[in-house]
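Novice:
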Amino acid sequence: MERVLRDGFIFLSQNKTLNGLAKRYGLKFGAGRFVAGDSLEASKRAIQDLNAKGLCVTMDHLGEFISTGAEAEMMTQECIRAVEMIAEEKLDSQLSLKLTSLGLDISDQLIRSNMERILTRAKELGVFVTIDMEDEPRCEKTIQLFEELRQSFDNIGTVIQSYLYRSEDDIKRVGRFETNLRIVKGAYKEPATVAFPEKEDVDHNYIKLVKLQLSLGNYAAVATHDDAMIEQIIRYAKENGIGNDKFEFQMLYGIRVERQLELVKLGYKVRVYVPYGRDWYGYFMRRLAERPANVAFVLKGMVKG
Ligand SMILES: Cc1cc2nc3c(=O)[nH]c(=O)nc-3n(C[C@H](O)[C@H](O)[C@H](O)COP(=O)(O)OP(=O)(O)OC[C@H]3O[C@@H](n4cnc5c(N)ncnc54)[C@H](O)[C@@H]3O)c2cc1C
1 MERVLRDGFI FLSQNKTLNG LAKRYGLKFG AGRFVAGDSL EASKRAIQDL
51 NAKGLCVTMD HLGEFISTGA EAEMMTQECI RAVEMIAEEK LDSQLSLKLT
101 SLGLDISDQL IRSNMERILT RAKELGVFVT IDMEDEPRCE KTIQLFEELR
151 QSFDNIGTVI QSYLYRSEDD IKRVGRFETN LRIVKGAYKE PATVAFPEKE
201 DVDHNYIKLV KLQLSLGNYA AVATHDDAMI EQIIRYAKEN GIGNDKFEFQ
251 MLYGIRVERQ LELVKLGYKV RVYVPYGRDW YGYFMRRLAE RPANVAFVLK
301 GMVKG
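Going by the UniProt record's numbering, the first residue of the sequence shown is number 1, and it counts up by one from there.
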């Protein structure tokens with residue numbers, strides 16, 4: 001049943017018509033629990049609140065299904081504004097972005113130039129930028145672009161998904177850049193030809209990949225809400241003399257808030273991924289896919305209108 005729900009929500013997350021409709025209305029159906037607000041200003045307040053509690057942030061301007069250069073330009077400008085706000089307001093925040101929102105599917109030249117503009121401004125202001133990983137057909141292009149950009153920018157990292165068979169090779173491949181990598185399980189629906197179908201294998205690979213990244217001497221962002229993963233990494237770090245400055249935990253805004261604070265109290269760095277913007281639909285559907293219990297919030301939201 002859980003798998004049917006997961007597949008259903010992932011299918012819905014890719015529906016362009018529903019995405020368009022959702023954009024026209026504000027944050028609905030309980031989406032406000034997972035999205036910090038629909039504007040940069042709203043995200044600023046959320047970040048300040050989190051920072052005051054000892055949590056670091058990576059902010060993300062939501063945007064998917066971009067098909068024109070004009071939309072990609074708007075998104076690029078928004079990323080630059082976000083970087084400038086981080087610096088002006090002295091927020092303890094990085095920036096996360098999705099290449100499809102900046103023109104990845106439009107042209108190689110456009111995505112490279114938009115990324116260079118964002119990274120140049122971010123570098124001037126000392127802001128670190130993480131390229132989120134999207135679905136598998138875009139993975140190779142993302143890694144290639146990352147490799148290219150990493151040669152000119154040291155304020156850039158990316159994401160590795162433990163459900164993909166290729167991820168171990170990818171960590172070794174980008175490891176030569178001493179790359180800061182966020183390691184996640186993976187949020188898209190992928191076929192068994194490219195991804196482990198069984199959760200047990202995804203979890204097993206998750207631990208293996210984090211250990212690999214740390215054993216290469218590179219920084220790991222352990223992005224999961226799963227206590228089994230968190231505890232194993234804490235134990236591994238202790239047993240191998242890996243300092244708390246070599247890794248951090250990351251969780252999504254609104255998810256396991258108490259656990260985030262507990263980890264801070266234990267002396268770990270915890271970074272919260274704070275999404276904001278009007279294009280909340282796809283992100284919200286993927287969160288529902290991950291945890292059908294969250295559907296209860298949708299139903300409550302519907303009742304409230
Ligand atoms: C900071 C961050 C950035 C991410 N970036 C990307 C990205 O770039 N690309 C990508 O594909 N995916 C990304 N993801 C999503 C990721 O791939 C997973 O889909 C998502 O994190 C769910 O997997 P999980 O590891 O948290 O645990 P799951 O395997 O989903 O759950 C394991 C256990 O964790 C606990 N748990 C999980 N969710 C909740 C909840 N809502 N409330 C309470 N307990 C919960 C439960 O105990 C559950 O049994 C990101 C996730 C995070 C945290």
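From the three backbone atoms N, C-alpha and C, an ideal C-beta is built for every residue, glycine too. None of these values were measured; they are calculated from a predicted model.
Please identify the residue among 242, 69, 117 whose C-alpha is closest to the C-alpha of residue 100.
Specialist: When each option's Cα is compared against that of residue 100, the closest is 69.
Novice: Quick check for students: name the residue ranges of the beta strand (DSSP E) that lie wholly in the stretch 141 to 189, counting only runs of 3 or more.
Specialist: 156 to 161, 181 to 184
Novice: Considering only heavy atoms of ligand 1, does any lie closer than 8 Å to the CB of residue 226?
Specialist: Checking the Cβ of residue 226 against ligand 1 gives yes.
Novice: How long is the line joining the alpha carbons of residue 33 and residue 91, rounded to whole angstroms?
Specialist: For residue 33 and residue 91, the distance between alpha carbons rounds to 21 Å.
Novice: Leaving out five residues on either side along the sequence, give the residues of the same chain with a beta carbon under 8 Å from the beta carbon of residue 143.
Specialist: 158, 170, 173, 174
Novice: Skipping 5 residues on each side, what residues in its chain have a beta carbon closer than 8 Å to that of residue 228?
Specialist: 203
Novice: Ends of the alpha helix (DSSP H) at residue 83?
Specialist: 69 to 88
Novice: Between residue 185 and residue 219, how many whole angstroms is the CB-CB distance? I'm expecting something under 8 Å.
Specialist: At roughly 19 Å, the Cβ-Cβ gap does not stay under 8 Å, so residue 185 and residue 219 are not in contact.
Novice: Check whether the Cβ of residue 186 sits closer than 8 Å to any heavy atom of ligand 1, and report yes or no.
Specialist: yes
Novice: I need the straight-line Cα distance from residue 154 to residue 212, nearest angstrom please.
Specialist: Taking the straight line joining both Cα atoms gives about 21 Å.
Novice: Can you tell which of 261, 145, 105, 222 has the C-alpha that lies nearest to the C-alpha of residue 358?
Specialist: Nothing can be reported for residue 358: it is not among the residues displayed for the chain, which extend from 1 to 305.
Novice: Is the separation between the beta-carbon of residue 210 and that of residue 233 shorter than 9 Å?
Specialist: yes
Novice: So what's residue 191 in DSSP terms, helix, strand or just coil?
Specialist: coil
Novice: Run through DSSP, which three-state label would residue 225 get?
Specialist: Reduced to three states, the DSSP call for residue 225 is coil.
Novice: So what does residue 250 bridge to, in DSSP terms?
Specialist: Answer is 223, 271, bridged to residue 250.
Novice: Taking just the CA atoms, how far does residue 161 sit from residue 189?
Specialist: Whole-angstrom Cα-Cα distance: 12 Å.
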